[in-house]
Structure formats: C-alpha cells, structure tokens
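2 protein chains.
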Amino acid sequence: MELDVIARDGRARRGRLHTAHGAIDTPAFMPVATQASVKGILPSQLREIGAQIVLSNAYHLHLRPGEELIQSLGGLHRFMGWDGPILTDSGGYQIFSLEGLRKVTDDGVEFRSHLDGRKLFLTPEEVVRIQVRLGVDILMPLDECLPPTADAAAMRAALRRTLDWVRRSQAEPLGPGQNLFAIVQGGLSPELRRECAAALVPLGFPGYAVGGLSVGEEKKVTLELADLTAAHLPEDRPRYLMGVGLPEDLIRFVGMGYDLFDCVLPTRNGRNGTVFTWMGKMNIRLARHARDPEPIDPECACYACRNFSRAYLRHLAAAGEMLAPQLASLHNLHFYQELMRQMREQIAAGRFASWAASRLAALNAELA
Amino acid sequence: MELDVIARDGRARRGRLHTAHGAIDTPAFMPVATQASVKGILPSQLREIGAQIVLSNAYHLHLRPGEELIQSLGGLHRFMGWDGPILTDSGGYQIFSLEGLRKVTDDGVEFRSHLDGRKLFLTPEEVVRIQVRLGVDILMPLDECLPPTADAAAMRAALRRTLDWVRRSQAEPLGPGQNLFAIVQGGLSPELRRECAAALVPLGFPGYAVGGLSVGEEKKVTLELADLTAAHLPEDRPRYLMGVGLPEDLIRFVGMGYDLFDCVLPTRNGRNGTVFTWMGKMNIRLARHARDPEPIDPECACYACRNFSRAYLRHLAAAGEMLAPQLASLHNLHFYQELMRQMREQIAAGRFASWAASRLAALNAELA
Chain A
17 MELDVIARDG RARRGRLHTA HGAIDTPAFM PVATQASVKG ILPSQLREIG
67 AQIVLSNAYH LHLRPGEELI QSLGGLHRFM GWDGPILTDS GGYQIFSLEG
117 LRKVTDDGVE FRSHLDGRKL FLTPEEVVRI QVRLGVDILM PLDECLPPTA
167 DAAAMRAALR RTLDWVRRSQ AEPLGPGQNL FAIVQGGLSP ELRRECAAAL
217 VPLGFPGYAV GGLSVGEEKK VTLELADLTA AHLPEDRPRY LMGVGLPEDL
267 IRFVGMGYDL FDCVLPTRNG RNGTVFTWMG KMNIRLARHA RDPEPIDPEC
317 ACYACRNFSR AYLRHLAAAG EMLAPQLASL HNLHFYQELM RQMREQIAAG
367 RFASWAASRL AALNAELA
Chain B
17 MELDVIARDG RARRGRLHTA HGAIDTPAFM PVATQASVKG ILPSQLREIG
67 AQIVLSNAYH LHLRPGEELI QSLGGLHRFM GWDGPILTDS GGYQIFSLEG
117 LRKVTDDGVE FRSHLDGRKL FLTPEEVVRI QVRLGVDILM PLDECLPPTA
167 DAAAMRAALR RTLDWVRRSQ AEPLGPGQNL FAIVQGGLSP ELRRECAAAL
217 VPLGFPGYAV GGLSVGEEKK VTLELADLTA AHLPEDRPRY LMGVGLPEDL
267 IRFVGMGYDL FDCVLPTRNG RNGTVFTWMG KMNIRLARHA RDPEPIDPEC
317 ACYACRNFSR AYLRHLAAAG EMLAPQLASL HNLHFYQELM RQMREQIAAG
367 RFASWAASRL AALNAELA
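Chains as they are written, first to last, in the numbering used here: chain A, 17 to 384; chain B, 17 to 384.
In structure tokens, the structure reads:
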C-alpha cells in the first residue's frame, strides 16, 4: 500500500490510497463506527456525503459481538453493510484508558471488560488475529499508551515494549489485501517521538500512524509534536494522525503532511446539538435559534441544510426527538467531508496556504 | 374533498383523495409525527417507502413550539420538510388522557400542560384556528373523549357536547384547500354510535373519522363497533379509523370499508426492537437472533432488509446504537406501507377476500 501522491503544496499532499475495497482520496476523514455503526447514520448516507473509509474498534468488537461471530457472517464489511475500506483501531488506547486494575507484562495486557467486568488478556498477536478475522483493510497494532503525565523512565520502558509488540504484530500472517500500520508513540517527548519513528521506519510498514496526541496537553504542544513527528516519516507512505480533531486542527495537520484522520467530534457533538459551520461552532439548542429560518450553515449543501431551519432543529432538540441528533450528526459529518474535499482541491490547485489562512480566520481559530 | 373510488371489492374500497399537497391513494396508512417529526425517520425516507400523508398533533404543536412560530416560518409543511399532505389530530384524545384535574364546560376544556403544568383553556374554535395557522390539509375537531368505562348518561352528555362543538368547529373559517373532518364517537354503545353518525352526516363533512375505539375494550367489541359504524357513513367520503392498529387489524378494517389509518405501533415497537413480518411480530433483541444471517423479513425490500442481518440488528440493539431503533422503525413503516399497497392492489384486482384470508392465516391472527 503506497500513497499515490497526485499533488504537493508545501508539505501538504493530495493523494490516493488503494485498498481491496476501493480507493481513498487523501487527505481523508474517517467517520467513527466504534461498535460497527456510525452513530445515527446509515451507510448509504456515508456514501452520499462522500465518506470513503470508516474506522471501527477491534477491542469493542472483540467484546461484543465477538470477531468470530462477525467472521462467520462474512466479515465486518458485510456485517455493517459498508463495502468501502475499513480501518480498525486496536483498542490499545481504550484498554489503557479503562478504570481499575490493569496488568501489563511483556507478553500482553490483562484488564477487565468495560461491559461486564470479566477478566481478559490480550497479546499483540491476538489483537492482529482479531482484525484478520474481522477482514478489515487496515489494522493497527496493540501498543502501550501511557498518560502524558508519565515520567521519562516509564515512557521509555513503554516505548521499548511497544516496539517489541509491533515487531511481533508484524510477524503475524495477514489476510489477502490487509495492511498493518505502525503507530509512533513517545508521549510529549520530541526525542522519544524521533527514536520511535527511527525504529519503526526501517521495518517497512505500509502506513504510519501517530498516536497519543491531543490527550490533554496544550494545543501548542500537540501542534509542535505532530509537526516534528511527521518529518520523521517516509514520504511515500500514508500518515495517519489518530483521534483528532476540530476543523481548524485538521487544516493545520494537513499542512504538515498528514493524510488520514478520525475523530468522534462530528457525531458526539452532533448528539449534544453542537454543529460545525464555516463561521465556527454553534449550539442549536440555544433559545436564540427558536425563530431562525436559516439553515445551520448557508454555505452547506447537506440534507439537513437543504431541508430544515435552525428553528426546526432547535424544536426537535427541545422536544427530545431522535431526528435532532441524527440531522446534527449528518450535517457535521458532511461538514468534515466537505472540509477534506476542499483541502484536496486546494492542494491540487497549489493554493492550500492562502485557502487555509482565510478558512482559519473565518473559523476564528486562535493560532496556537 | 370527495373520495374518488377507483375500485370496490366487497365493502373494501380502493380510492384516491386529492389535497392541495398531492393525492393520497387509499386505503392509506399515515405515519405519526406527533411533534412534527416521525421518530427517527427523514422525510426523504418517508417518500422512499411510499408514504403519501403524515399525521401530526395540534395539541402538541400548540404547546411546543407553538402554531404562531410555525406559521411565521411558512407553515407546518415547510417547517418539517414534508411537502405532501398533513392531517393533524386535534389532541382531544391526549387532553382527555392527561392525569390530574381537568374541567370541561360547554365552552371548552381547561387542563394543565403535560410539559410544564401551566393552566390552559381550549375551545373548539381555538383548536380549529390552531390547525388553520399550521396550514394542514385535514383538520380534526376537538371532542370530549370519555373512558370506555363511563356510564350511559355521561356518554350521552359527552356526545351532546361533542356534537355542539363540531357545529361550532364547522362555523370557523378554514384556509384555502383545508378540510375539516367530523369524528364519530359514542363509546362502546352501538346505539350512540348510530345516533352520532346520524347527527353528523347531514352536516356534510368532507370526511368522517371514527374515534374512541381500541382503547382497552376486547378486540371482538372493537371489530363489531367499527363494522357497524362504517355502515352509517356516506359512501362518497373518506372514512378514517383513528389510532389503529396491528397489521391483522388493518386488513379487517379495510375489509369493512375504512380508508385512512394512523398508529404509533410501527415506530414505538421499532424503538423497542419489535419488528413486523409477514409471519408475525419478532423481537430483534432476543439471543436467538445473535448469529442469524437472514434479514428481518426475507419478503421485504426495505433498506434494512436489503442491507442487514438480524444478527447485526440484534448487535446494534444490544450495544445501544441509535441505528437499531432507526432501522427497526424504517422497516416497520415500510411494512405498513407495503401492506396498504398490497391491499390497494388486491382490491383493484377483485381478490381482496382471498388475499386477506391467506395473509391473516400467515400472520397467525386469532379471528375475533
């Protein structure tokens, strides 16, 4: 899996990734389907808004309904009715965020299910095998995620283990057309980030993710670390910045040369009534929208903006109607897809920097 | 508004009703949009499944967001993004089902809002004016709904008042293209039902509803009263049986000559995981569906049945994903629309009775 680079503009790249389930135009945003469902959104709607790949979670699907059940029904694509590419996160981040006791050894990690408290043990090999059974296009290895407050010695030990685990993950056989990415960790240390990338790149992965950022540190730090880490990654492989972010963040990260993104914000915010617009965020529940005949965003061509006023959406939210989170999530995901589409267009036209400056100004983003 | 009768088969009629917002092929089922939204379903999906008219509720919209707000935004059609016909129930049934004190006088009804407890007073005239402001195609008058356990004297008094109210409702001016139906009440008394119909028919309404049935009485009683009441209604006007029912009930009521129906069952059951099939109802949450690769109903062509297995729907429901109630509601509404479509087809072909017998047998319905 090479990144077919179609155009470059500064460090930003407009590319295409080919998978067994179709191509992905990059930079791309992956809607999040943690439990094999993008919350409130049909696969046909994902297609309509231009999504080309979705992200699911191996840990969540392992717990419920189980990868063997999904495999016996023809794999994750058929199970969730999505015939485009799928990337699964390993769930390492989720496992290491769980409350309660957790025991990490060189062999793997012991933890308790967040669903029923039963004790589970996962090795890096098993995490790959779960994703092989799911039949996804892009797999992520298990890694040890420490909180950003961990000390340097703990960070270095976790990194050593993560590198050992990724080598063991790489030794597991994959299914046809499957690709295992590596994840650059290293907490908030520029030196550890460099070391981790330097150890991973010679192993020759089809793609490189950057994990453990935007986990509570200052925005300025996130941007600096994302920037310097990207510089350590190969030019001809896709770069996936995990779990970020706001629209203004995505514009900056694309400018650094990242190609893939995922984030729960469009759907989670949508469920709370927060919608994204080219003028910034807006809470549709506020009384000020009660009589507003305008759509969420007059620039937007999504189904919600073509058909409904802010007043109607506010009424739905106030009345507790399911259609409120559905329409707000649909709008937000459409907004993110349109943001990526515009970035691809601007990179191809060699106008990314000026477009980004004007969009960032309109979004009223504070420069970090 | 006359009923354009295209075909008759026994007492069943296949017809067409013309409104300012398009035609309705009858017998027709109206999805319920109490608060200006069919729960979990987009207007474009209503169109896709063949719905031609939706039902909303004047009382609910009066309380929130208020008919003046809706009128100021261009009326209910534009507000909810549905350009087909809309019928509003008056909300009399809801008002008379409210807990707590309620005072009925000849003038109108005093009650407390179910949202915030504030005291409200509605007259029959005001209830018509609310619906005129909403701009709906078919309006329903305020009536006094007694529980089926009320004694004969109370029933007769309520009926006298309801007849007085409907005359006052009829005297209110309507907007262009609007139609006020009358409602036949009379509780569980065949004699009162006959008297009520005999009083209403000479007043010349464009359509006649039958209310106060299926409110707790035995199914046998519902069927008998619906049957005898239909016989008192004019042949050339649409007959609307309010708030029913199960698929097997609709088949029987169409056989009696009813044309319009509404019911919350498809969406309410869908939200609980209960789905309708040609073999009867099924609860998609049950463990027995965990590995089932079949769609909800192999005979069904809805989006959910074309794309997803029972196993996936069961997983969504178990995981608490919004898509579970959305897909189950979509399937159920599609099922109801398909049921009506088949009935229209069978009536036109003169095969309704044999079709009904075979469908009722398959649905395993107990003959009342």
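Backbone N, C-alpha and C define an ideal beta-carbon position, used for all residues, glycine too.
Neighbourhood of residue i by C-beta distance below 8 Å, restricted to the same chain and skipping five residues each side
i               : result
K297 of chain B : N285, T290 and V291
R80 of chain A  : Q51 and L131
D180 of chain A : D122
A170 of chain A : L162
R271 of chain A : For the sequence presented, residue 271 of chain A should be read as Gly rather than Arg. So the list reads G26, R27, A28, F368, A369 and A372, once near-sequence residues are dropped.
H248 of chain B : V200, R209, R210, A213, A214 and V217
T283 of chain A : P47, V48, V54, K55, G56, I57, S345, N348 and L349
Residues that residue i contacts on chain A, provided the C-beta gap is smaller than 7 Å
i               : result
Y328 of chain B : F95 and M96
Contacting residues, own chain, Cβ-Cβ under 7 Å from residue i (five flanking each side not counted)
i               : result
G385 of chain A : A question about residue 385 of chain A goes unanswered here, because the residues of chain A that appear run from 17 up to 384.
H130 of chain B : L114
E382 of chain A : Per-residue confidence for E382 of chain A stands at a pLDDT of 46, beneath the threshold of 50, marking its modelled position as unreliable; the derived number appears in the next sentence. Correct list: empty, nothing qualifies.
A333 of chain B : G289, I300, R301 and A340
G66 of chain B  : Q353 and R357
T245 of chain A : V200, R209, A213 and V226
G392 of chain B : Limits of chain B in this structure are 17 at one end and 384 at the other, which puts residue 392 of chain B out of reach.
L241 of chain B : L204, P206, R209 and L229
E361 of chain A : none
R184 of chain B : P140 and E141
Chain-ordered chain A contacts of residue i [CB-CB under 9 Å]
i               : result
L339 of chain B : S53, V54, K55, G56, I57 and L58
Contacts of residue i in chain B (Cβ-Cβ under 7 Å)
i              : result
S88 of chain A : R307
Supposed close pair residue i, residue j - CB separation, criterion 8 Å
i               : j               : result
L368 of chain B : G31 of chain B  : Rather than Leu, the amino acid found at residue 368 of chain B in this sequence is Phe. That belief does not hold up - the Cβ atoms of F368 of chain B and G31 of chain B are roughly 13 Å apart, past 8 Å.
G56 of chain B  : L339 of chain A : 7 Å
Y274 of chain B : L302 of chain B : Actually they do not touch by this definition, with Cβ atoms about 34 Å apart.
A198 of chain B : L216 of chain B : 4 Å
L266 of chain B : L355 of chain B : 6 Å
Contacts of residue i in chain B (Cβ-Cβ under 8 Å)
i              : result
R80 of chain A : H331, A334 and A335
Contacts of residue i in chain B (Cβ-Cβ under 9 Å)
i              : result
L85 of chain A : A306, R307, A327 and H331
Beta-carbon contacts of residue i that lie in its chain and below 6 Å, excluding the five residues immediately before and after
i               : result
F324 of chain B : none
P163 of chain B : none
A49 of chain B  : V70 and S72
H350 of chain B : I65 and C318
Q147 of chain B : A74, T104 and L155
A39 of chain A  : R32
T35 of chain A  : P101 and D153
G108 of chain A : L158, D159 and C161
S370 of chain B : none
P311 of chain A : C321
Residue i CB to nearest heavy atom of the ligand MN below 8 Å
i               : result
L179 of chain A : Looking for the ligand MN in the displayed structure turns up nothing, as the structure carries no ligands at all.
Residues from the stretch 311-326 of chain B in contact with chain A, defined by Cβ distance under 8 Å: Y319, N323, F324 and S325
Which residue spans inside the stretch 184-215 of chain B form an unbroken beta strand (DSSP E) run of at least 3? 198-200
Alpha helix (DSSP H) segments (min. 4 residues) lying fully within the stretch 245-306 of chain B: At a cut-off of 4 residues, the continuous stretches assigned as alpha helix (DSSP H) that sit fully inside the stretch 245-306 of chain B are 263-271 and 281-288.
What are the complete alpha helix (DSSP H) segments, minimum 4 residues, inside the stretch 81-127 of chain B? 83-88, 92-96 and 108-111
Quick check for students: name the residue ranges of the alpha helix (DSSP H) that lie wholly in the stretch 338-362 of chain B, counting only runs of 4 or more. none
List in chain order: all unbroken alpha helix (DSSP H) runs of 4+ residues lying wholly within the stretch 123-162 of chain B. With a minimum length of 4 residues, the continuous alpha helix (DSSP H) runs that stay inside the stretch 123-162 of chain B are 140-150.
Could you tell me which uninterrupted beta strand (DSSP E) segments, each at least 3 residues in length, are contained entirely in the stretch 36-74 of chain A, listed from first to last along the chain? Counting only unbroken stretches of 3 or more residues, the beta strand (DSSP E) elements lying wholly within the stretch 36-74 of chain A are 38-42, 44-46 and 70-73, in sequence order.
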